[in-house]
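Reading through the structure tokens given below for one structure.
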Amino acid sequence: MFYIGPHLSVAKGYLNMGKEALKIDANTFQFFSRNPRGGRARKFDPEDFNALENLMKEHNFHPPLVHAPYTINPASEVEKTRNFALLAMKEDLERLNLMEGFMYNFHPGSHVGIGVERAIENIVSALDEVMVVNLNIPILLETMAGKGTEIGRNFEEIAQIIEKAKFNETIGVCLDTCHVFEAGYDIVNDLDEMINEFDRLIGIDRLKAIHLNDSKNELGAAKDRHEKIGKGSLGLEAIKRIINHPKLKDIPFYLETPNELKGYGEEIKLLRGMRE
Ligand code: FE
Ligand code: FE
Ligand code: ZN
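Residue 82 in the working numbering sits at position 4 of the sequence shown, and the numbers go up by one each step.
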């Protein structure tokens, strides 16, 4: 099954996201657990949520991916920053507890001067603390472009976090195609090498979601600028190989391209046409 969907806003409720996804022939989607710049999560409306679940069942959706806000930094040891990250993640996971099959994705964070090693220790202890809430939710670490002092710019860092985490059975990875390319993995010329590297260091079984984005920048740029599908440095041929690769094709794909709903719809149509 080819699972593909856009990033949507939860502002108009859960059912509305399902309807928007259907409108553009998507069969999964991603949304922010709360305002991406931080702040509180919207009130939970069980009726609205049940309506979405019914819609998803009826149309064979893959459960959505819930993205944590950008503003949390679990790599930090500054008390205020850390407390906010822990609180937001705990609250998000408690809510996700009510959403069967939904997965939770977060950026590992930035070390902001304390160094990679200490940052990794901080991320691990944050995971150990928040995962006590519930162990059944797949928690995904996103591969990052390496902008600034971001952790997760290579598979070694991701692997270390997973290895050291206490409850790591349910920890997975979300691979962002724009990010890995900008982090220096040449998925245009040698997709297999990146996949083999991922498998060797992390294990391909941990790969649970793919953020399918083209990139505005060149290989290794470490800037994190997403581009529309086929309009950037990856290009259509490389993207075609990604969505059809035997080791990737059954993993759900999420678009985070600079688009409104209509643009997402055009990309989904294009990608469906490129599936083999
Ligand atoms: Fe992300
Ligand atoms: Fe992403
Ligand atoms: Zn990005």
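Backbone N, C-alpha and C define an ideal beta-carbon position, used for all residues, glycine too. The model shown is predicted, which means the values in this text are computed figures rather than measured ones.
query: Backbone secondary structure at L218 - three-state DSSP; result: strand
query: Exposed unless 16 or more other CB atoms sit within 10 angstroms - verdict on D268; result: exposed
query: Opposing strand residues paired with Y332 [DSSP bridges]; result: G83, H289
query: Status (buried if at least 16 other CB within 10 Å, exposed otherwise) for A89; result: exposed
query: Assigned exposure category for N291 - 16 Cβ within 10 Å defines buried; result: buried
query: Cut-off 7 Å between Cβ atoms - residues of its own chain near K225, not counting five sequence neighbours on either side; result: A300, K301, D302
query: Collapsed DSSP secondary structure at Y148 in the structure displayed; result: coil
query: Beta-carbon proximity check, L143 vs N94, cutoff 8 Å; result: no
query: Whole-angstrom distance between I249 and G343, CA atom to CA atom; result: 31 Å
query: Inter-residue Cα distance where the pair is F110 and V194; result: 27 Å
query: Proximity of I192 and I229 at Cβ, strictly below 8 Å; result: no
query: Terminal residues of the beta strand (DSSP E) in which L253 lies; result: 249 to 254
query: contact_flag[the segment 153 to 169, the segment 124 to 140] where n(CB pairs < 8 Å) is 3 or more; result: no
query: Residue from A204, K327, L171 whose Cα sits closest to the Cα of A146; result: L171
query: Among A261, E296, E178, nearest to F139 - alpha-carbon criterion; result: E178
query: Nonlocal neighbours in the same chain, by C-beta distance under 7 Å from R319, ignoring five residues either side; result: L269
query: Beta-carbon proximity of P53 to A119, cut-off 8 Å; result: Outside the shown range of the chain, which is 79 to 354, sits residue 53, and nothing can be said about it.
query: Beta-carbon spacing of V251, R278 below 8 Å; result: no
query: Cβ-Cβ distance between L312 and V266 below 8 Å; result: yes
query: Boundaries (first-last residue) of the beta strand (DSSP E) holding N232; result: That residue, N232, is in no beta strand (DSSP E); it is neither H nor E in DSSP.
query: Ligand 2 heavy atom lying under 7 Å from the CB of H189; result: no
query: Heavy atom of ligand 1 within 7 Å of E220 beta-carbon; result: yes
query: E334 CB to nearest heavy atom of ligand 2 below 7 Å; result: yes
query: Under 8 Å between C-beta atoms of D264 and E220; result: no
query: Cβ separation of A243 and V208, assumed to be a contact under 8 Å, to the nearest whole Å; result: About 11 Å; that fails the 8 Å criterion.
query: H289 burial status per 10 Å Cβ neighbour count (16 or more: buried); result: buried
query: DSSP bridge partner residues for M181 (one or two, in chain order); result: L143
query: Endpoints, the alpha helix (DSSP H) within which F162 is located; result: 157 to 174
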